[in-house]
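Chemist: Please read through the structure below; I'll follow up with questions.
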Amino acid sequence: MNDDRRPFQAYTARHFQWQCSDDGRVATITLNRPEKKNPLTFDSYAELRDLFLGLQRASDVRAVVITGAGGNFCSGGDVFEIIEPLTRMPAPELLRFTRMTGDLVKAIKRAPQPVIAALDGVCAGAGAMVALAADLRLGTPAARTAFLFTRVGLAGADMGACGLLPRVIGQGRAAELLFSGRAMTADEGAAWGFFNALHAPGELLAEAQAQARALADGPWFAHTMTKTMLNQEWAMGLEEIIESEAQAQAICMLTHDFKRAFDAFAAKQAPKFEGN
Numbered sequence: 001m002n003d004d005r006r007p008f009q010a011y012t013a014r015h016f017q018w019q020c021s022d023d024g025r026v027a028t029i030t031l032n033r034p035e036k037k038n039p040l041t042f043d044s045y046a047e048l049r050d051l052f053l054g055l056q057r058a059s060d061v062r063a064v065v066i067t068g069a070g071g072n073f074c075s076g077g078d079v080f081e082i083i084e085p086l087t088r089m090p091a092p093e094l095l096r097f098t099r100m101t102g103d104l105v106k107a108i109k110r111a112p113q114p115v116i117a118a119l120d121g122v123c124a125g126a127g128a129m130v131a132l133a134a135d136l137r138l139g140t141p142a143a144r145t146a147f148l149f150t151r152v153g154l155a156g157a158d159m160g161a162c163g164l165l166p167r168v169i170g171q172g173r174a175a176e177l178l179f180s181g182r183a184m185t186a187d188e189g190a191a192w193g194f195f196n197a198l199h200a201p202g203e204l205l206a207e208a209q210a211q212a213r214a215l216a217d218g219p220w221f222a223h224t225m226t227k228t229m230l231n232q233e234w235a236m237g238l239e240e241i242i243e244s245e246a247q248a249q250a251i252c253m254l255t256h257d258f259k260r261a262f263d264a265f266a267a268k269q270a271p272k273f274e275g276n
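Take the sequence shown: its position 107, counted from the start at 1, is 107 in full-length UniProt numbering, and no numbers get skipped.
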C-alpha cells in the first residue's frame with residue numbers, strides 16, 4: 001500500500017524556492033519575486049497546486065511553512081502576467097483559471113501536513129487566500145492583509161473567501177473586509193484570530209519553522225486526523241461530528257504512537273513519536 005509514496009526532500013521547484021530540513025520532515029516554500037512583492041503567475045499557481053496535491057503521497061514531509069522573500073508575503077496575481085491577460089480571455093478560459101486558483105486552496109486543505117503561513121508586509125488578493133488556506137498563520141507587526149478583489153471590480157467571493165474568512169474572523173468582520181477591500185492590520189488580525197501570533201520580522205521564519213518542527217516531531221498521524229476533522233466537520237451536524245471523531249480517535253488508538261505515549265508516561269519520560 002506504500003508503493004505510491006515518495007520523498008519530496010529533493011523536489012526541484014521551478015517557480016518558487018523549496019527547502020527541506022535534513023531529515024525531510026519540515027519543508028519551506030518561499031515565494032521569491034521580491035522585486036514585485038512576490039506575485040503569483042499562471043505557472044506558479046499551477047506548480048503550487050500540483051505540489052500540494054503531491055504532498056498527499058509524501059513519505060517524508062510532515063509540516064510545511066510558506067512565506068515570501070524580501071519583507072513581503074505575496075501581492076496577489078501579477079498585474080501584467082495574469083490580470084491583463086484575463087481581460088482578453090473568453091468565458092471558458094476564465095472559468096478554467098478561476099477553478100485552478102480554487103484548486104490551489106483545496107490542495108492546501110487536502111494536504112495531510114499542517115501548513116503554517118509566515119506573513120510579513122503585503123499579503124493581498126490571492127496571497128491572502130493562500131494564507132487563509134493555511135492551518136496556522138504567524139505575522140509581523142508590518143503585515144497588511146487585504147482581500148482586495150472589489151478594488152479591481154470583482155466580487156469578494158474568490159477562491160473560497162466568502163466561506164473561509166467568516167469561519168476565521170467572524171461574519172461581520174469578513175463582510176467588511178470583502179466589501180471594502182481594505183487592508184486588515186496586523187493588530188486587527190491578531191485580535192480577530194486571523195494570526196495565531198505576531199513576531200519581529202527577523203524572528204518570523206525561525207518561529208514558523210520551530211512550530212513546524214514541533215508538529216513534525218509530534219504524533220504526525222494524529223495531526224493528519226485532526227486536520228481532516230477540522231476540514232470535514234464544517235458541513236456536519238453535531239451527531240455526525242461526534243460519530244466522526246469517535247471513529248477518528250479509535251483509529252488513532254491503534255497507532256504505535258499511542259502506545260509509545262503511554263509507555264513514556266508510565267516511565268516518566270517524554271514520548272518520542274514516529275508518526276505511525
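Think of the CB as a built atom: it goes at the ideal place given N, C-alpha and C, for glycine as much as any other residue. Nothing here was measured: the structure is a model prediction, and the numbers come from that model.
M225 by DSSP, collapsed to three states: which one?
Modeler: Of the three classes helix, strand and coil, the one that applies to M225 here is helix, per DSSP.
Chemist: Any idea if T12 is buried or exposed, counting beta-carbon neighbours within 10 angstroms, 16 or more meaning buried?
Modeler: The residue is exposed, with fewer than 16 neighbouring Cβ atoms inside 10 Å.
Chemist: With H, G and I counted as helix, E and B as strand and the rest as coil, what does DSSP make of L254?
Modeler: Of the three classes helix, strand and coil, the one that applies to L254 here is coil, per DSSP.
Chemist: Throw me the rounded Cβ distance for the N32 and A69 pair, which I believe falls under 8 Å.
Modeler: Yes, they are in contact, since the Cβ atoms of N32 and A69 sit about 4 Å apart, within 8 Å.
Chemist: Considering only C-alpha positions, which residue in the set W234, V61, T101 and A208 is nearest to G275?
Modeler: Closest option to G275, Cα to Cα, is V61.
Chemist: Alpha carbon to alpha carbon, what distance is there between G181 and A214?
Modeler: Roughly 35 Å separates the two Cα atoms.
Chemist: Using a 10 Å radius around the Cβ and a threshold of 16 neighbouring Cβ atoms, would you call L55 buried or exposed?
Modeler: So L55 ends up on the buried side.
Chemist: What are the start and end residues of the beta strand (DSSP E) that includes G68?
Modeler: Its beta strand (DSSP E) spans residues A63 to G68.
Chemist: Give me whichever residues DSSP pairs with R96 in a beta bridge.
Modeler: Paired residues: none, contrary to the question.
Chemist: Considering just the uninterrupted stretch of the alpha helix (DSSP H) at M129, what are its terminal residues?
Modeler: Where M129 is concerned, the enclosing alpha helix (DSSP H) stretches over A126 to A133.
Chemist: Any heavy atom of the ligand ZN closer than 8 Å to the beta-carbon of Q56?
Modeler: As for the ligand ZN, it is missing from this structure, which has no ligand bound.
Chemist: So if DSSP puts Q19 in a beta bridge, which residue, or which two residues, is it bridged to?
Modeler: The partner list for Q19 (beta bridge, DSSP) reads T28.
Chemist: Relative to the C-alpha of C252, which candidate in R5, F147, A270 and M229 has its C-alpha closest?
Modeler: Looking at the Cα atoms, M229 is the closest of the given residues.
Chemist: For T145, write down the residues that DSSP places opposite it in a beta bridge.
Modeler: According to DSSP, T145 bridges with C123 and M184.
Chemist: Which residues does DSSP list as the beta-bridge partners of A58?
Modeler: DSSP, once it has assigned bridges, lists R6 as partnering A58.
Chemist: Between V105 and the rest of its own chain, which residues show a CB-CB distance below 7 Å, the 5 nearest in sequence each way excluded?
Modeler: Around V105: M129, A133, M159 and G160.
Chemist: Less than 9 Å separating the beta-carbons of A191 and P141?
Modeler: Contact: no.
Chemist: Answer with buried or exposed for F147, where buried requires no fewer than 16 other C-beta atoms within 10 angstroms of its C-beta.
Modeler: Buried, by the Cβ-count rule.
Chemist: Tell me which same chain residues have a C-beta within less than 7 Å of the C-beta of Y45, skipping the five on either side of it?
Modeler: So the list reads M100, T101 and L104, once near-sequence residues are dropped.
Chemist: Under a Cβ-count criterion, where at least 16 other Cβ atoms within 10 Å of its own Cβ denotes burial, should P7 be classed as buried or exposed?
Modeler: Flag for P7 reads exposed.
Chemist: Quick one: is R49 buried, meaning 16 or more other Cβ sit within 10 Å of its Cβ, or exposed?
Modeler: With 16 or more Cβ atoms within 10 Å of its Cβ, R49 is classed as buried.
Chemist: For A206, does the count of other Cβ atoms within 10 angstroms reach 16, so buried, or fall short, so exposed?
Modeler: Counting Cβ neighbours within 10 Å, A206 comes out exposed, since fewer than 16 surround it.
Chemist: Since A124 contacts F52 with CB under 8 Å, what's their CB separation in whole angstroms?
Modeler: That belief does not hold up - the Cβ atoms of A124 and F52 are roughly 21 Å apart, past 8 Å.
Chemist: Taking Cβ to Cβ, would you say A143 is nearer than 9 Å to F149?
Modeler: Not closer than 9 Å, so no.
Chemist: If you reduce the DSSP assignment to three classes, tell me which class G40 lands in.
Modeler: Before going on, a small fix: residue 40 reads as Leu here, not Gly. DSSP places L40 in strand when its eight states are reduced to three.
Chemist: Which class does G189 belong to by DSSP, given the choice of helix, strand or coil?
Modeler: Helix, per DSSP.
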